[in-house]
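For reference, the structure discussed in these notes is given below.
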Amino acid sequence: MSFWLTVFRQVGRNIRQTWASQLMTLLTVSLSVLIFAFFYLIYANMLTFGERLGDDLSLIVYLEEEPGPELQQQLTKKITTFDEVEKIRFITRAEAYQRFARQLGPNQDVLNDMPKDFLPPSIEVVPLKNLRSLNQVKLFSAYLSRLPGTLKVQFGQDWVERFYYFTKLLSIIVLLSGTLLILTTIFMVAYTIRLTILGRQAELELLKLVGATNNYIRTPFLLEGLLQGIVGSSLGIISLYALYEWIKLRFSGPGFLNLFEFSFFSPVVSITIICVSILLCTLGSYSTMQKFLRI
Amino acid sequence: MKTTSNSALETMIELIKVSKEYPPDVVALKDLSFSIASGEMFFVIGMSGAGKTTLLRLLCSMEIPSSGLIEISGRPINQLKGSHLAKLRQKIGVAYQDFKLLNDRTTAENVAISMEVSYKKPQIIKKRVRDLLDQLGLADKHDTITGELSRGEQQRVTLARAIANSPTIILVDEPTGNLDAITTEMVMNLLHKCNKAGATIVIATHDDSIYRHTSHRVMELRKGRFHMMTGGIQ
Numbered sequence: 202m203s204f205w206l207t208v209f210r211q212v213g214r215n216i217r218q219t220w221a222s223q224l225m226t227l228l229t230v231s232l233s234v235l236i237f238a239f240f241y242l243i244y245a246n247m248l249t250f251g252e253r254l255g256d257d258l259s260l261i262v263y264l265e266e267e268p269g270p271e272l273q274q275q276l277t278k279k280i281t282t283f284d285e286v287e288k289i290r291f292i293t294r295a296e297a298y299q300r301f302a303r304q305l306g307p308n309q310d311v312l313n314d315m316p317k318d319f320l321p322p323s324i325e326v327v328p329l330k331n332l333r334s335l336n337q338v339k340l341f342s343a344y345l346s347r348l349p350g351t352l353k354v355q356f357g358q359d360w361v362e363r364f365y366y367f368t369k370l371l372s373i374i375v376l377l378s379g380t381l382l383i384l385t386t387i388f389m390v391a392y393t394i395r396l397t398i399l400g401r402q403a404e405l406e407l408l409k410l411v412g413a414t415n416n417y418i419r420t421p422f423l424l425e426g427l428l429q430g431i432v433g434s435s436l437g438i439i440s441l442y443a444l445y446e447w448i449k450l451r452f453s454g455p456g457f458l459n460l461f462e463f464s465f466f467s468p469v470v471s472i473t474i475i476c477v478s479i480l481l482c483t484l485g486s487y488s489t490m491q492k493f494l495r496i
Numbered sequence: 082m083k084t085t086s087n088s089a090l091e092t093m094i095e096l097i098k099v100s101k102e103y104p105p106d107v108v109a110l111k112d113l114s115f116s117i118a119s120g121e122m123f124f125v126i127g128m129s130g131a132g133k134t135t136l137l138r139l140l141c142s143m144e145i146p147s148s149g150l151i152e153i154s155g156r157p158i159n160q161l162k163g164s165h166l167a168k169l170r171q172k173i174g175v176a177y178q179d180f181k182l183l184n185d186r187t188t189a190e191n192v193a194i195s196m197e198v199s200y201k202k203p204q205i206i207k208k209r210v211r212d213l214l215d216q217l218g219l220a221d222k223h224d225t226i227t228g229e230l231s232r233g234e235q236q237r238v239t240l241a242r243a244i245a246n247s248p249t250i251i252l253v254d255e256p257t258g259n260l261d262a263i264t265t266e267m268v269m270n271l272l273h274k275c276n277k278a279g280a281t282i283v284i285a286t287h288d289d290s291i292y293r294h295t296s297h298r299v300m301e302l303r304k305g306r307f308h309m310m311t312g313g314i315q
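So the sequence lines, in the order shown, correspond to chains Z and E. Heads up, the first sequence is in the numbering used here, so the first residue is 202 and it goes up one at a time. Heads up, the second sequence is in the numbering used here, so the first residue is 82 and it goes up one at a time.
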């Protein structure tokens with residue numbers, strides 16, 4: 202009989218013998234993967250959404266007076282002293298008025314009685330992509346507000362801050378659910394394997410006496426952990442995909458979900474989650490063997 | 082104290098000043114030295130507590146001696162580890178006094194286990210199991226759970242498992258303890274057959290009916306010490 206055939210027979214026997222605890226472990230692994238993957242999916246999508254928002258990020262520096270060409274050069278030089286920027290654009294009072302009128306659209310006649318220079322001149326600064334963290338943008342904003350002749354600097358601070366803290370909270374949840382995944386997979390698998398080992402103590406003792414090698418005795422237990430990982434994590438990912446499809450179908454049409462494009466994991470990410478779960482389960486099974494299966 | 086078998090034959094088992102003590106101060110075996118030749122049938126006799134079972138447990142490396150040297154085919158067994166020890170154990174078939182059967186498995190599965198660890202082909206295992214059960218009068222118990230068998234039947238299953246893998250050494254502890262005269266003869270015939278096929282056989286027993294008229298060597302132990310050796314060439 203070949204080694205692997207014997208090993209698979211042993212695995213089948215183990216699973217039959219402790220099917221109830223095997224099932225519990227499988228469900229726990231699936232649920233852990235599902236919880237972790239669910240939060241990670243939201244987090245990943247939020248990050249993508251944030252990146253897209255970041256692409257449109259610009260700082261508006263409102264000025265007291267419209268700068269002349271020389272002052273414009275001086276200000277440009279001062280701004281680029283802080284850091285390289287993607288774009289600097291000076292907006293005159295007239296341009297600001299026209300832009301505002303365009304934004305008002307059919308209601309632009311409310312501006313009829315207003316003077317054409319009531320809006321302050323400004324500088325539109327688009328920072329480089331590497332300057333997109335909230336702290337860096339805040340520092341840049343503070344620097345710009347200290348420039349001479351500056352009235353105020355705006356970059357949608359409140360909104361950006363709220364979004365930043367939301368993603369921060371999500372990252373903590375992802376971290377916590379990741380820890381939960383690690384703990385449950387390792388401990389539950391370790392516990393089940395321990396039960397199997399204890400339940401088969403007499404047989405394992407006999408196997409040693411009739412000359413079974415370490416590999417012959419240990420491989421089925423390792424394989425059991427591996428199987429728990431493969432089936433459990435695949436079930437978790439498949440459940441999440443089903444949930445994702447159901448939400449997409451159920452909440453399609455105008456609504457919250459359409460504010461940003463929500464997408465599922467790429468195959469690479471899905472396979473990585475499955476592989477990590479398999480590794481964790483095998484680790485759980487290995488640690489139990491080291492403790493309870495001294496040969 | 083050392084007694085050696087026919088020197089023309091190759092030595093299979095060798096013990097030199099072997100002692101086994103259990104804490105706090107139980108002496109199970111003391112300074113035991115003897116050799117068993119390859120292909121020899123060897124009886125170890127003595128009263129309960131004489132050290133027969135301990136000797137067999139040392140020979141199959143289930144336990145290690147407190148002092149002394151045990152060699153199997155010229156290799157010291159207490160130094161063997163891992164796959165070397167596993168390989169050696171595959172060559173030693175043991176019929177334990179307490180049977181060590183898996184009581185939730187069938188007779189056939191119990192016998193097959195010693196061949197499975199040597200990766201024998203399933204059809205060879207099947208044939209060998211049927212053959213052995215037939216020779217031991219257990220053909221109708223092939224698919225019976227061993228927990229449901231009588232003591233005598235369980236004893237024979239243990240023996241079948243011990244010889245199934247055609248080991249070079251067979252250690253048998255009280256092989257006829259639960260058997261009637263006819264079944265005892267059946268068991269002894271099988272052991273003689275294995276011996277003729279070349280296996281070295283060590284039988285620990287206090288049943289004098291199986292060694293009374295034997296031409297093989299019989300070693301008597303008393304309180305863990307060598308007492309006397311009879312039979313064979315000395």
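The C-beta atom is built at its ideal place from N, Cα and C for all residues, glycine as well. Owing to the predicted nature of the structure, the values given are computational and were not obtained by experimental measurement.
Rounded to the nearest whole angstrom, the CA to CA distance from Z/T380 to Z/L370 is 15 Å.
The DSSP assignment places complete alpha helix (DSSP H) segments of no fewer than 4 residues inside the stretch 240-283 of chain E at 262-277, in order along the chain. Contact of Z/Y417 with chain E by beta-carbon distance below 7 Å involves V198. Distances from the alpha-carbon of Z/E265 to those of Z/R294, Z/R253, Z/T277, Z/R290 put Z/R294 closest. Only exposed fits E/K274, as fewer than 16 other CB atoms lie within 10 angstroms of its CB.
Taking 9 Å as the CB threshold, Z/A221 stays off the interface with chain E. In the pairwise beta carbon analysis, the stretch 216-236 of chain Z is classified as touching the stretch 437-447 of chain Z: at least three pairs are separated by under 8 Å.
By the Cβ test, the stretch 237-244 of chain E is not in contact with the stretch 154-169 of chain E, since fewer than three Cβ pairs between them sit closer than 8 Å.
Look at Z/T293 here: in three-state DSSP terms it is coil, with no helix or strand label.
Going by C-alpha positions, Z/L340 is about 44 Å away from Z/I387. The beta-bridge partner set that DSSP reports for E/Y103 consists of E/V107. Cβ-Cβ separation between E/H287 and E/G127: approximately 7 Å, consistent with a contact (criterion under 8 Å). Across the stretch 94-105 of chain E, no CB contact with chain Z closer than 7 Å is found for any residue. Between E/I282 and E/E121, the CB-CB gap stays under 9 Å. Under a criterion of Cβ atoms nearer than 7 Å, no residue of chain Z is adjacent to E/Q235; the nearest Cβ is some 14 Å distant. In the three-state scheme derived from DSSP, where H, G and I count as helix and E and B as strand, Z/I398 is classed as helix.
With a cutoff of 9 Å on beta-carbon distance, E/M196 and E/A118 are scored as not near each other.
Of the residues Z/I292, Z/G433, Z/L260, Z/I474, the one whose Cα lies closest to the Cα of Z/V338 is Z/L260. Of the candidates Z/L206, Z/F493, Z/L441, Z/L444, the residue whose Cα lies closest to the Cα of E/K202 is Z/L206.
DSSP places E/H165 outside any beta strand (DSSP E); the residue lies instead in the alpha helix (DSSP H), whose first and last residues are 163-172. Listed in chain order, the positions of the stretch 409-434 of chain Z with a beta carbon within less than 7 Å of a beta carbon of chain E are L410, V411, G412, A413, T414, N415, Y417. DSSP, read as helix, strand or coil, puts Z/F463 in coil. Membership of Z/V432 in any beta strand (DSSP E) is not indicated; the residue belongs instead to the alpha helix (DSSP H) covering 415-451. A contact is defined here as three or more CB-CB pairs under 8 Å, and the stretch 402-422 of chain Z fails this definition with respect to the stretch 270-287 of chain Z.
The CB of E/L183 comes closer than 8 Å to the CB of A403, E404, L407 in chain Z, given here in chain order.
Assigned with DSSP and collapsed to three states, E/S296 falls in coil, not helix or strand.
The DSSP-derived three-state label of Z/K492 is helix.
By the Cβ neighbour-count rule, E/D289 is exposed, with fewer than 16 other Cβ atoms within 10 Å of its own. Going by DSSP, E/L150 is part of the beta strand (DSSP E) stretching over 148-153.
With its beta carbon at least 9 Å from every one in chain E, Z/F209 lies outside the interface.
Annotation: E/P104 to E/K172 spans about 31 Å, alpha carbon to alpha carbon.
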